[in-house]
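To start, the structure under review is shown below, and the notes come after it.
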Amino acid sequence: MKTLKVVISLMLFVICFMILSCECGTTYLKYVENNSTATIEIEIISFDGTIQKSTVAPGKTTEIYVDDQLGSFPGENYRCTLEFHTVMVTVSDNLTLKKEIMNADNWFMTSKTGRNSIIKCYFSIRDEDLE
763 MKTLKVVISL
773 MLFVICFMIL
783 SCECGTTYLK
793 YVENNSTATI
803 EIEIISFDGT
813 IQKSTVAPGK
823 TTEIYVDDQL
833 GSFPGENYRC
843 TLEFHTVMVT
853 VSDNLTLKKE
863 IMNADNWFMT
873 SKTGRNSIIK
883 CYFSIRDEDL
893 E
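For the sequence shown, the residue numbers in the working numbering are 763 to 893.
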């Protein structure tokens, strides 16, 4: 009986160790590629209330959003705008962005799968997207 308690205790310890040692998760990175001649300001409000602000200079690609989620594994239907509650875009010279930033079809995604996945999403802006 005492041996059984030791075995069960050891098994519980091993199971807890295995669960706690898994640092698996996903890093979500969002970028704006500003291929226009205007300066773009982005303010993102996430569903958790986090606000991230960025300025993207003409001809530059800038990271506008970062989120590390432990235990998060996106499925095949992951959309690049999933974490966004609200996105506000301001364009220099009183221009307006015609291309809808909240439309996930306007984003390009790359991903690296494995123990620690990385999802990178890109939103490209050209002069033709501004009015």
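Beta carbons are placed, not taken as given, at the ideal position from N, Cα and C, and that holds for glycine. None of the values given here were measured: they were computed from a predicted structure.
For arginine 841, there is no enclosing beta strand (DSSP E), as DSSP gives it neither H nor E.
Within the region 805-834, the beta strand (DSSP E) runs of at least 3 residues that lie entirely inside it are, in chain order, 813-818, 823-832. Contact between leucine 857 and alanine 800 is confirmed by a C-beta separation of about 6 angstroms, below the 8 angstroms threshold.
The Cβ-Cβ distance between glutamate 893 and lysine 860 falls below 7 angstroms. Assigned with DSSP and collapsed to three states, threonine 852 falls in strand. Per the coordinates, the alpha-carbon of tyrosine 790 lies some 47 angstroms from the alpha-carbon of threonine 765.
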